[in-house]
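Okay, so here's the structure we're looking at.
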Amino acid sequence: MFFTPINSILNKKFRDSPLAERITASLVCEEFDKIMFAVFGEKIVHKAQAMYLNNSVLTIASLSPIISQEIKLHELELIDKVNRKFQGEIVKRLRLLI
2 MFFTPINSIL
12 NKKFRDSPLA
22 ERITASLVCE
32 EFDKIMFAVF
42 GEKIVHKAQA
52 MYLNNSVLTI
62 ASLSPIISQE
72 IKLHELELID
82 KVNRKFQGEI
92 VKRLRLLI
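Quick note: the sequence shown uses this note's numbering, first residue 2, plus one each step.
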């Protein structure tokens, strides 16, 4: 008789749950903010923030059109860094809110 270990059952259930998607989205937002700080430095810390991830589109809130333009100019680089961190195509594009 063959028994499946309980941890493999729980891991599979968790991966397939909506909770796992929300946790991943939250981690992506947190990591994106760290990457923005690394790329842009202190000037952007309080002026832009990742808000949420929905359908592979990461929404960023910005207090300034100039900051939004800077982010848009570095969009491919930022997306690439996030996707490398999460080892997959988690983010496909950025959406900027001013």
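By construction, the Cβ of each residue, glycine as well, lies at the ideal position given by its N, Cα and C atoms. Every value quoted in this text rests on a predicted model; they were computed, and no experiment measured them.
Residues of its chain near V83, where Cβ-Cβ distance is below 7 Å and the 5 sequence neighbours each way are ignored
Listed in chain order, the non-local C-beta contacts of V83 below 7 Å within the same chain comprise V29, E32, F33, I36, I91, V92, local neighbours out to five positions each way being set aside.
Give me the Cα-Cα distance between L95 and S18, rounded to the nearest whole angstrom.
25 Å
Hey, could you find the ends of the alpha helix (DSSP H) Q70 is sitting in?
First-last of the alpha helix (DSSP H) with Q70: 66-74.
S63 bridges to which residues according to DSSP?
A49
Under a three-way DSSP split, which group does V29 fall into?
helix
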